[in-house]
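Numbering-wise, the sequence shown is residues 11 to 368 according to the working numbering.
Below is one structure; the comments refer to it alone.
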Amino acid sequence: MVPGDRSPQSSQGLDAPARPDDLATTARPAHRPPPPEPSLARVFATTLWLWLRRRGLRVADDARIGALRWTAAAAVLIVAGAVGGGVAVALPRSRSVPPAAHLNHHAPPRISPAQAASTANERAAAAWIVAQVASGTTVSCDVAMCTALQTAGFPATQLVTLVPGSTLPAASKHSAAGLVVETAAAQEDLGLQLSAGAPQVLASFGKSPELVQVRVIGGTPGAFRAAARAAIAAGAKSARNLARDRRLHLARTARARLGSGLVDPRLVFLLGRIALAYPVYVTGFFNANPGSAWPAEFRAVTITGLVLGSGRHRVSNLGGVLRLLRSQPPRYRAVIQQGSGPGGEVTLTIEFRAPGPL
């Protein structure tokens, strides 16, 4: 050993590297949460104190401060405390964010697939009623369905809200009783009155048990079927008479539907009036009632051939047909929409709102 060298002799305990097993068995300090952040006043005072020691008192960070210097430092710290407190009061305090576990989350209530389907069917029925039902028609419905109708734009004055124990409004000789929307809630309110007092299903939306149906109020099931058969027979007879008119040109599908007797008799009347003065080309009849039951009548027709010829020899009957349609009495006043066909030809769609005469 070199004289004067007092370093400890090499030994296995000092020179041997630490083994992984020794590191694994070493006690690990418990995890502690981080200390809270200091306030703005404390940060301000600490910063000012360090500046005072280093610049004002010119004392090192680890040196002692004498009595005289302590007096000066105390005076400065008093002023700093007052200023720091004022700053802390003037600045808004930052709110600590609570842990996610303590947040009060108000999750929306879960909606079952059945409830979602029922709501979607009610909204579809409300949109259809607003677009297709004649103005002035009274609609009976449960609370939720009436709310959906008002949201869709149906007049509240034409709604009859159903409650448990309600009865269907009765039809008279001078006015129809209107429509009723059948939902699960309406079934509970009315029971057997729906099928007994409103046998005609005008439109359906969805499937059971979330099915929503729009029914026409009036008559018993037997009386309704008898009246519908008579109306269909009369319609077929009127259609045959109309089809003989040489001014009326029918596409194949249109001719078949006209002969079925299911075309709205108001349309048959208007086509006959137009054919008295102008040639009429009927491309088709259609029904805007989704899921309607028998008898599903056709309430709309599309006609063409309103502009004949070409160039200087063009003859337009569009203005005359429009004037004729708009001069009809209220019962036969239809909704008219002008459009264009595949070749750019002018078309007119004539449609009556529900419910029809059948």
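Beta carbons: idealized from backbone N, C-alpha and C, even for Gly.
{"Check": "Classification of asparagine 251 by the beta-carbon crowding that lies within 10 angstroms, buried from 16 upward", "Outcome": "exposed"}
{"Check": "Reference leucine 280, options Asn131, Ala249, Ala303 and Phe164, closest by Cα", "Outcome": "Ala249"}
{"Check": "Limits of the alpha helix (DSSP H) - the one that serine 248 falls within", "Outcome": "231-253"}
{"Check": "Cβ separation of leucine 268 and phenylalanine 295, assumed to be a contact under 8 angstroms, to the nearest whole Å", "Outcome": "7 angstroms"}
{"Check": "Arginine 225, enclosing beta strand (DSSP E) - first and last residue", "Outcome": "222-226"}
{"Check": "Cut-off 6 angstroms between Cβ atoms - residues of its own chain near proline 300, not counting five sequence neighbours on either side", "Outcome": "Ala213"}
{"Check": "Pairwise C-alpha distance: proline 367 and valine 173", "Outcome": "29 angstroms"}
{"Check": "Under the three-state DSSP convention, the category glutamate 355 falls into", "Outcome": "coil"}
{"Check": "Sequence-distant residues of its chain with Cβ nearer than 6 angstroms to aspartate 255 (five each side left out)", "Outcome": "Ala285"}
{"Check": "Valine 97 (DSSP reduced to helix, strand or coil)", "Outcome": "Unreliable positioning characterises valine 97 in this predicted model, as indicated by a pLDDT of 43, which lies under 50. The coordinate reading is nonetheless provided below. Three-state result, valine 97: helix."}
{"Check": "Collapsed DSSP secondary structure at serine 350 in the structure displayed", "Outcome": "strand"}
{"Check": "Delimiting residues of the beta strand (DSSP E) encompassing glutamine 210", "Outcome": "210-215"}
{"Check": "Cβ-Cβ separation, alanine 127 to alanine 154 (assumed contact under 8 angstroms), whole Å", "Outcome": "About 14 angstroms separates the two Cβ atoms, so there is no contact after all."}
{"Check": "One or two residues paired with leucine 169 in a DSSP bridge", "Outcome": "Val149"}
{"Check": "Straight-line Cα distance separating glutamate 132 from proline 123", "Outcome": "14 angstroms"}
{"Check": "Nearest-angstrom Cα separation, counted from leucine 169 out to valine 345", "Outcome": "23 angstroms"}
{"Check": "Own chain residues within Cβ distance below 8 angstroms of arginine 265, not counting five before or after", "Outcome": "Ala253"}
{"Check": "Every unbroken alpha helix (DSSP H) within the segment 314-344, with a cutoff of 4 residues, ordered by chain", "Outcome": "328-336"}
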